[in-house]
Structure formats: structure tokens, C-alpha cells
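Asks: Numbering (my numbering), first residue to last: 2 to 164.
Where is the CB? At the ideal position from N, CA and C, for every residue including glycine.
Since the structure is predicted, the reported quantities are computational estimates derived from the model, not experimental observations.
Here it is, the structure, as C-alpha cells.
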């Protein structure tokens, strides 16, 4: 097999040096990959059409048509207060361009949370975000039912569920 007595100090040092250089390159490739994954836009798939349906509600829309559906209305920060997002059957909330409810906030993950309807009930779910998703001041650990008047916090942005 392999005889270790053949390696003298210079060969051993050279071999260890090569392994060290390989480890450093592997580390740099891992860092570059992590940055690339975070920066690149998400891949658009078949469900993207559903997710892209959540757009700000135009101001000229009648009150009666807005009453029929629940919407997310920005309560905080003050600069965004009043902005309203209509909720389709399912929508993601986050910083990524593919999110239906796009939040421009440093404390919000790329794809932070999901709001969806099941059997006529509205639910919110955290999607493994760093800072968590909060419902009425309590951090979500599992999908939770959302009712009119509830406050959903994603990063530094607080939404009120209203009609």
C-alpha cells in the first residue's frame, strides 16, 4: 500500500500545504455560492401566476367590492401606512421580486411568510424566516388562523387584516 516512511518532512509539508490550499478554495466557493443563492431572483414556476395576483388595490375601486374580500393594509411603518394588498387564494410575503406582497424592509427575508385560504378561512404561516412572523404580538411556530382586525408583523412591517 502506501508507505509513510517514504514521506520526509519536506514532502509532508508540501502535501499539507496542498490540502490547506484546497480547503481554502472550498471555503471561498461555499461563500460565493451562499451569496449567489441570497442575491439571485427566485425561479418562477407554475404557482407564480397565483402569487403575482396580489397587487395594491386601486383607489377608484368601490367599497362594496372591497368588502367582499379580506385585504392586508399596512399599519407600520408610517411611510407605507394605508397601502393595501388584495389577498388571492395564496400569496407570499417578502423582499423577493416574485412575492405577491413585496416588503422593502431589511428585517424581512426574501420569502418570509405565506398567507392562504383553506375552507374559507384565512391562515398565515412563517416560511423559516430569520426574524419570524408575528400574529397579534406572538411569534408563529405553526400556521395560524387569521381574522379581521388581526395584526401580522413581517420584519419591521405590520399589516392589519381588514375588508
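CB residue 152 to CB residue 137, shorter than 8 Å?
Replies: Taking 8 Å as the Cβ cut-off, residue 152 and residue 137 qualify as a contacting pair.
Asks: So, are the CB atoms of residue 92 and residue 164 less than 8 Å apart?
Replies: At a Cβ-Cβ threshold of 8 Å, residue 92 and residue 164 do not count as neighbours.
Asks: Between residue 56 and the rest of its own chain, which residues show a CB-CB distance below 6 Å, the 5 nearest in sequence each way excluded?
Replies: Residue confidence is low: residue 56 scores 49 on pLDDT, short of 50, so the model does not pin down where it sits. Its coordinate-derived value is still stated next. Nothing meets the Cβ criterion.
Asks: Starting from the Cα of residue 132, find the closest Cα among 125, 156, 149 and 11 and give me that residue.
Replies: 156
Asks: Which stretch, first to last residue, makes up the beta strand (DSSP E) that contains residue 152?
Replies: 152 to 155
Asks: Less than 8 Å between the beta carbons of residue 134 and residue 125, yes or no?
Replies: yes
Asks: My output table needs one value for residue 163: the three-state DSSP class, helix, strand or coil.
Replies: strand
Asks: Does the beta-carbon of residue 11 have 16 or more other beta-carbons within 10 angstroms, so that it is buried, or is it exposed?
Replies: exposed
Asks: Which two residues bound the contiguous beta strand (DSSP E) that contains residue 127?
Replies: 122 to 127
Asks: In three-state DSSP terms, what is residue 27?
Replies: helix
Asks: Kindly list the residues whose CB is nearer than 7 Å to the CB of residue 78, restricted to its own chain and excluding five residues on each side of it in sequence; keep chain order.
Replies: 157 and 158
Asks: Would you please state the rounded distance, in angstroms, between the beta carbons of residue 161 and residue 74? I believe it to be under 8 Å.
Replies: 5 Å
Asks: List the DSSP bridge partners of residue 139.
Replies: 136
Asks: Helix, strand or coil: how does DSSP classify residue 52 here?
Replies: Because residue 52 sits at a pLDDT of 39, beneath the cut-off of 50, its placement in the model cannot be relied upon, and the point is left open.
Asks: My output table needs one value for residue 114: the three-state DSSP class, helix, strand or coil.
Replies: It is a strand residue.
Asks: If you compare alpha carbons, which of 143, 127 and 141 is closest to residue 115?
Replies: For the residues 143, 127 and 141, the minimum Cα distance to residue 115 belongs to 127.
Asks: Which stretch, first to last residue, makes up the beta strand (DSSP E) that contains residue 91?
Replies: 91 to 95 is the extent of the beta strand (DSSP E) around residue 91.
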